[in-house]
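First comes the structure, then the notes that go with it.
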């Protein structure tokens, strides 16, 4: 804009607010116009502007000047936008503030909230940088609109330190801007009304008692208009929701409720999700259980004449729960009809679950038995109708007394004496005394089966008695006879009628059963002439003679005397003796069994005994002929059969010739007839031949429990890993030789072993004297030796067959071979028996031992002092598991005296002993 336009002529613009202008005039007028030239940029311009002025004089000479003008605008706010989408009932909101350029110095003092109505809040924080900042307002309360105003106090500046808005803009001289507004509603609705149970669902005896038989009842109430109402049970939680209408009314049908008491509350949520406090609670009771009759109790089981009167009969009905006492149950009699006798008088509830019906009783002179009672129509306080209940045979009406037999047939044993088996029953009016007579009208029985003079018998019923027995006098006899009967009848009833069962039959069962007994079922006799005797008796006295025959099925083994016996009424119970005698023969046939058969001679006996079955008695005749022993060789199978043991019980092997030059082993096997299916039944060690005196000749007896007639035996010699099978050759019936080859031969013979034949067990590690308990055992020892050392053999007592020694009986502490302290414990138990020997000589010793114990042995190497020399025990566990003892035969064992087993010849000390 020019300073003025006086004297100027314009060709472009007019000199005011022009972006471009051209004019002419005198030098004075032009200078005056250009003095104080005004430059006004556009409001949004910010930067450097160029102004060019060109002057031309009259001759046409021109001059151009250029001016540069820098414009720095103050910053401005371009927008204040809402930062939350649905903050209606939020406790805080955000505003997004945008500036026209990057500014600093923005804080909470630069803003103010603009509110309406009761809306209020606090500016909590400002964050951001550059052109964008976020303002958070919190602690929002009330209802209304909420906006944000910016009120600058010159603290907000741009990079050129120009304050917001510049000078001269309204608003405290620095500028302000009103932004968009939120609508705020943080006020919760008022609590709804207490819910109510709709009348249609209040099914109980009253439509206001809040008891319902529906587990999905309808609930109603009022709340803030258009709010969402949520209904809650303190038992089942949320049970439904609904939207209140424009006047605040709501209705729901509850989800399924649990039977029992509930407190129902409601809460309202407005359109801004503000939730009201819960309403007061509506107490209701949900009861879907159908009531049942727990009992129907008559005051009388039987109505009789004495009960006739007003209100004398009652039926008490008990229910399973509290009932609606405004509704009476209906009592009826669905099968029997007692209406001639009974008429309902009154009915009332005696308490909340008990109903009593009272009836008048008329004298209808009738009998109605086992009357059923039915109950219907009652309902509980929730309106649930009871299930129909019927009591079968609840009571009876008996206004006429009747006496009859309790059954058509009775049975009594003749041994009873006076029988009370027959019973009478009385029905109807039993309140007074009644009587009847019992008489005999026939039957198969007669005096003296019963006492006829006692009839007729009078039977009396006292008041209220319904059953009586008839005392029939029966006579017991000893005769075997058929069952007999008495026909009885009722006559002469007093104060009663005779009922339909006026006759009865009493059967007297005979207790004297026909039969015979043998005093024993078996007998033993011998060929040597030993006899046995048995006795024959009858079970009852016969009416005539009973003849019994006695026959043997094998008279070559046993005979009887007498061959028949006769029993009658004088000797039936004492009987007749029969003697059985064995028959001797010369055959070795073993014990023989024969059978005696005792039979009734029906043609000559009492008919009651004719049909009795035969009885038998087993006779054993012991054989006194013993077969001689026999050993039978079978060369093809290299086996020997123990054909017969004769008077012996096993076999024994004796060493006759030894051709082995080291310790070997003899093994004995039980086989089948072909030499297969072998089972080892014994073994012993065989010493190198020629090293001991000729007096050394061990024998080995096979345990008699492993030998039986008919057994087949095989024999093997194990020498340096080579197995040699013996070939048996018979010497005589009871002896044979066993040839192993290579100079070794043994003899085998039948032998009668006893308990001391061999006392060595567990490969000679133990001497078992337990079978001689309580005895003093005299023992003779023979000692052989082939050794460089002067060894000594001694013995010690152990508590078990494995060498165990109990060192603390109270605690049961037991040391076993190899345990620490075992050697000391063994030496503490050593006996005063000491065995030594000389090479090529036999040394003999005698000792007295105590039976009933186990003995183990030990060898003191090259010494007689156990505390000074090395000791080897008969138990390998005490020798680092080295076995220094071998079984060499019956009661014969040998020691190896080199620790670690040395040459393993086991002839360094050989001990043989015998009990004498």
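Residue numbers (the working numbering): 117 to 1032. A virtual CB, placed ideally from N, CA and C, is assigned to each residue, including glycine. If you're wondering where the values come from, they're calculated on a predicted model, not measured in any experiment.
What's the gap between the Cα of residue i and the Cα of residue j?
i, j, result
"residue 120", "residue 126", "12 Å"
"residue 145", "residue 276", "39 Å"
"residue 291", "residue 154", "Here residue 291 scores only 39 on pLDDT, less than 50, and its place in the model should not be relied on; the value that follows carries that caveat. Answer to the nearest angstrom: the Cα atoms are 25 Å apart."
"residue 809", "residue 750", "35 Å"
"residue 968", "residue 703", "43 Å"
"residue 911", "residue 818", "26 Å"
"residue 670", "residue 739", "15 Å"
"residue 253", "residue 340", "29 Å"
"residue 378", "residue 393", "19 Å"
"residue 286", "residue 150", "In this prediction, residue 286 scores a pLDDT of 34, lower than 50, which makes its location untrustworthy; the coordinate-derived value is nonetheless stated afterwards. About 33 Å."
"residue 606", "residue 569", "17 Å"
"residue 849", "residue 773", "22 Å"
"residue 635", "residue 682", "16 Å"
"residue 541", "residue 584", "7 Å"
"residue 133", "residue 117", "5 Å"
"residue 417", "residue 690", "60 Å"
"residue 280", "residue 264", "17 Å"
"residue 769", "residue 883", "21 Å"
"residue 734", "residue 641", "11 Å"
"residue 283", "residue 166", "Note that residue 283 scores 39 on pLDDT, short of 50, meaning its location in the model is unreliable; the coordinates nonetheless yield the value given after this. In a straight line, the C-alpha of residue 283 is about 24 Å away from that of residue 166."
"residue 574", "residue 554", "6 Å"
"residue 130", "residue 141", "14 Å"
"residue 726", "residue 643", "36 Å"
Output yes or no for whether 8 Å exceeds the beta carbon distance between residue i and residue j.
i, j, result
"residue 1001", "residue 880", "yes"
"residue 438", "residue 468", "yes"
"residue 657", "residue 628", "yes"
"residue 789", "residue 831", "no"
"residue 782", "residue 799", "yes"
"residue 762", "residue 784", "no"
"residue 932", "residue 938", "yes"
"residue 336", "residue 367", "yes"
"residue 871", "residue 1024", "no"
"residue 823", "residue 758", "yes"
"residue 304", "residue 233", "no"
"residue 668", "residue 712", "yes"
"residue 696", "residue 676", "yes"
"residue 600", "residue 559", "yes"
"residue 272", "residue 221", "yes"
"residue 480", "residue 491", "no"
"residue 384", "residue 329", "no"
Would you grab the beta carbon distance between residue i and residue j for me? Rounded to a whole angstrom, and I think it's under 8 Å.
i, j, result
"residue 381", "residue 395", "5 Å"
"residue 519", "residue 614", "6 Å"
"residue 547", "residue 580", "7 Å"
"residue 386", "residue 496", "No, residue 386 and residue 496 are not in contact; Cβ-Cβ is about 42 Å, not under 8 Å."
"residue 164", "residue 180", "Contact flag wrong, Cβ pair sits at about 19 Å."
"residue 72", "residue 510", "Nothing in the structure corresponds to residue 72, since the chain is present only between 117 and 1032."
"residue 645", "residue 674", "Residue 645 to residue 674, Cβ: 12 Å. No contact."
"residue 732", "residue 707", "Actually they do not touch by this definition, with Cβ atoms about 18 Å apart."
"residue 316", "residue 332", "Contact flag wrong, Cβ pair sits at about 12 Å."
"residue 864", "residue 852", "5 Å"
"residue 261", "residue 231", "7 Å"
"residue 949", "residue 898", "That belief does not hold up - the Cβ atoms of residue 949 and residue 898 are roughly 14 Å apart, past 8 Å."
Return yes when the C-beta of residue i is under 7 Å from any heavy atom of the ligand SAM, and no when it is not.
i, result
"residue 680", "This structure lacks the ligand SAM; in fact it carries no ligand of any kind."
Report the start-end ranges of each beta strand (DSSP E) in the region 461–512 that is 3 residues or longer and not cut off at the edges. As far as the region 461–512 is concerned, its whole beta strand (DSSP E) runs of at least 3 residues are 470–477, 483–492.
Check whether the region 474–482 touches the region 418–436, counting contact only when three or more Cβ pairs, one atom from each stretch, lie closer than 8 Å. The region 474–482 makes contact with the region 418–436; the number of CB pairs closer than 8 Å reaches 3 or more.
Pair every Cβ in the region 567–584 with every Cβ in the region 618–626, then say whether three or more of these pairs are closer than 8 Å. Using a C-beta cut-off of 8 Å, the region 567–584 makes no contact with the region 618–626, since fewer than three inter-stretch Cβ pairs fall below that distance.
Please confirm if the region 324–335 is in contact with the region 409–428, defined as three or more CB-CB distances below 8 Å between the two stretches. Taking 8 Å as the limit for Cβ pairs, the verdict is that the region 409–428 does not touch the region 324–335.
Stretch pair the region 164–176 + the region 224–238: three plus CB contacts closer than 8 Å: At 8 Å Cβ cutoff, the stretches do not touch.
Segments of 3+ residues assigned as beta strand (DSSP E) that fall wholly inside the region 604–636: The region 604–636 contains these whole beta strand (DSSP E) runs: 619–625, 632–634.
Using 8 Å as the cut-off, can you tell me whether the region 1000–1018 makes contact with the region 867–885, which would need three or more C-beta pairs spanning the two stretches below that distance? Segments in contact, yes.
Stretch pair the region 885–896 + the region 838–845: three plus CB contacts closer than 8 Å: Contact between the region 885–896 and the region 838–845 is absent, with fewer than three C-beta pairs closer than 8 Å.
Counting only runs of 3+ residues fully inside the region 640–671, write out the beta strand (DSSP E) ranges in chain order. Listed in chain order, the complete beta strand (DSSP E) runs (minimum 3 residues) inside the region 640–671 are 647–654, 662–668.
Quick one: which unbroken beta strand (DSSP E) runs of 3-plus residues sit fully inside the region 901–939? Chain order, please. 908–914, 921–924, 929–931, all fully within the region 901–939.
Note down, one range per segment and in chain order, each beta strand (DSSP E) of at least 3 residues found wholly within the region 787–843. Within the region 787–843, the runs of beta strand (DSSP E) at least 3 residues long that lie entirely inside it are, in chain order, 795–802, 815–817, 827–835, 838–841.
Contact between the region 914–929 and the region 1012–1026 is defined here as three or more beta-carbon pairs at a separation below 8 Å; is this criterion met? No: fewer than three Cβ pairs fall under 8 Å.
Taking only runs that begin and end inside the region 193–269, name each unbroken beta strand (DSSP E) of 3 or more residues, in chain order. As far as the region 193–269 is concerned, its whole beta strand (DSSP E) runs of at least 3 residues are 193–198, 208–215, 227–231, 236–245, 248–257, 259–267.
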